[in-house]
Amino acid sequence: MERAPIFGMTTSVGSTRPPGAAGGFVVADGFVVADVVVIGAGVVTGGGGGSVVVEQPGSEHEDCLYLNVTTPRRPGRGKPVVVWLHGGAFQFGAGSDYGAGRMAALGDVVVVTVNYRLGAFGFLAHPELAGSGNYGLADQQAALRWVRRNAAAFGGDPGNVTIAGESSGARSVCAHLVAPASQGLFHRAVVQSEPCTMVDWPATDGTPEAEPPGFPRSRAVAERQGVRYAEALGCADVACLRGKTPAELLGTPEWFAPTHGTAVLPVDPAVAGWVARVPVLHGITRDEYRISDGAAAPRLRRPPVVSPGRRGA
Numbered sequence: 043m044e045r046a047p048i049f050g051m052t053t054s055v056g057s058t059r060p061p062g063a064a065g066g067f068v069v070a071d072g073f074v075v076a077d078v079v080v081i082g083a084g085v086v087t088g089g090g091g092g093s094v095v096v097e098q099p100g101s102e103h104e105d106c107l108y109l110n111v112t113t114p115r116r117p118g119r120g121k122p123v124v125v126w127l128h129g130g131a132f133q134f135g136a137g138s139d140y141g142a143g144r145m146a147a148l149g150d151v152v153v154v155t156v157n158y159r160l161g162a163f164g165f166l167a168h169p170e171l172a173g174s175g176n177y178g179l180a181d182q183q184a185a186l187r188w189v190r191r192n193a194a195a196f197g198g199d200p201g202n203v204t205i206a207g208e209s210s211g212a213r214s215v216c217a218h219l220v221a222p223a224s225q226g227l228f229h230r231a232v233v234q235s236e237p238c239t240m241v242d243w244p245a246t247d248g249t250p251e252a253e254p255p256g257f258p259r260s261r262a263v264a265e266r267q268g269v270r271y272a273e274a275l276g277c278a279d280v281a282c283l284r285g286k287t288p289a290e291l292l293g294t295p296e297w298f299a300p301t302h303g304t305a306v307l308p309v310d311p312a313v314a315g316w317v318a319r320v321p322v323l324h325g326i327t328r329d330e331y332r333i334s335d336g337a338a339a340p341r342l343r344r345p346p347v348v349s350p351g352r353r354g355a
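Numbering of the sequence shown is given in the working numbering, commencing with residue 43 and proceeding in unit increments.
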């Protein structure tokens, strides 16, 4: 196992089930491979758009270290590997939300999409939880170590790994660019939206948020949030939190994010004095905020920034 559960509500993380158990899942080095999909260019095999989407049911458990491996049908070894870190504001989403087939087929690359712990399970910081605040990032690092050990078995080159992500997935990439334990686990990085140096986010009145949701925060701020979160659940300590159900733990309005000033993430990526010396491709995803803007429009009684008639990304 790569990681232990935070709240102790599951039997294991990365369950050591025998190969072929649980509907054909394959267990390797502590990570459960949900599926290995072989893609032929231009062949629609499910999910639409020439991609295969391997769906995992929504989970309220920490036992979520699943990854999907999508490989091109063209034979060969030593292919570049792309590890995709999904977005979702560190609160929701899954690797299976993204059909990796087109990228694998057209790019002739091995694509690995990853699940990691989210919300309180992944990013709660509390003074009584040693090393807390970045369990989700640690899960991603575990996935990268898995890729380094196993990429060759899927035709990939463990020495040519690109990490890529969008929105909070991009924030994750920014974190790995400065996280000590991530160094050497990847060789290129792609940041789609959420610039690494972005430090605030507008509130509904247009002013900067004092503690913008989804942004890395200091250990002091994160632990203060963790104590507030526990108090909202009627808990004065972590032992009490461990007695709560998953639904209760995930049912609060608190918005969690990575914590800097910790062993996993010593510095804020926005102001770090150094980053991994790897090529970085950065861009802004068109209509990145369109979903949030559309959801907020009725409450704010104003039209979306983007016209409803415009075609989205």
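C-beta: ideal position from N, C-alpha, C; glycine also.
Helix, strand or coil at residue i according to DSSP, with G and I counted as helix
i, result
"D139", "helix"
"P222", "helix"
"E290", "helix"
"E273", "helix"
"L109", "strand"
"L283", "helix"
"G325", "strand"
"L171", "coil"
"C216", "helix"
"L307", "coil"
"Q133", "coil"
"L179", "helix"
"W188", "helix"
"L160", "coil"
"R266", "helix"
"G315", "coil"
"L166", "coil"
"S210", "helix"
"A278", "coil"
"R144", "helix"
Own chain partners of residue i with C-beta closer than 6 Å, once the 5 adjacent residues on each side are dropped
i, result
"A172", "none"
"W297", "P255"
"C216", "C238, P311"
"E236", "S209, A212, R213"
Spatial neighbours of residue i in its chain, beta-carbon cut-off 8 Å, leaving aside the 5 residues before and after
i, result
"E170", "D279, V280"
"E251", "D242, W243, P244, A245"
"R190", "P200, V203, L227"
"A272", "H168, A278, D279, V280, C282, L283"
"R261", "A167, G175, T301, H302, G303, T304"
7 Å CB neighbourhood of residue i in its chain, flanking five on each side removed
i, result
"Q225", "A318"
"D150", "P114, R116, K121"
"R259", "E253, A299, T301"
"G137", "L109, N110, W126, H128, T155, V156, N157"
"K286", "L275"
"E265", "A167, H168, P169"
"G198", "K121, V123, V152"
For residue i, the residue or residues it bridges with in DSSP
i, result
"R259", "T301"
"K121", "G198"
"R230", "T204"
"T155", "N110, W126"
"P250", "P244"
Between the CA atoms of residue j and residue i - distance to the nearest angstrom
i, j, result
"G363", "V154", "Since the first residue of the chain shown is 43 and the last is 355, residue 363 is not available in this structure."
"G360", "R270", "Because residue 360 is not part of the residues shown, which for the chain are 43 to 355, the question remains open."
"R187", "L127", "14 Å"
"D139", "F196", "21 Å"
"G306", "F257", "Note that residue 306 is Val in the sequence shown, not Gly. The alpha-carbon atoms of V306 and F257 are separated by roughly 16 Å."
"L275", "Y108", "29 Å"
"Y158", "D247", "33 Å"
"Q182", "L160", "11 Å"
"P321", "E290", "42 Å"
"A147", "V233", "21 Å"
"I326", "F134", "21 Å"
"V68", "T249", "Note that V68 has pLDDT 38, beneath the 50 cutoff, so the model's placement of it is unreliable and the number below is only indicative. Looking at the two C-alpha atoms, the distance is approximately 49 Å."
"A162", "L292", "7 Å"
"M145", "G178", "25 Å"
"R230", "W316", "16 Å"
"G118", "G141", "22 Å"
"A193", "G143", "17 Å"
"A184", "V263", "26 Å"
Residue i versus the options, residue with shortest Cα-Cα distance
i, options, result
"P222", "T301, F196, P308", "P308"
"A131", "V123, N110, L219, G164", "G164"
"H324", "C277, L219, F134", "L219"
"G268", "V156, R144, G129, T294", "T294"
"A180", "C106, L291, F134", "C106"
"V313", "P288, M240, L292", "M240"
"I205", "A142, V123, N192, G143", "V123"
The ligand GDP heavy atom lying under 6 Å from the CB of residue i
i, result
"R284", "Absence of the ligand GDP is noted for the structure shown, with no ligands found whatsoever."
Chain C within 7 Å of residue i, Cβ atoms only
i, result
"G135", "This model lacks chain C altogether, as it is built from one protein chain only."
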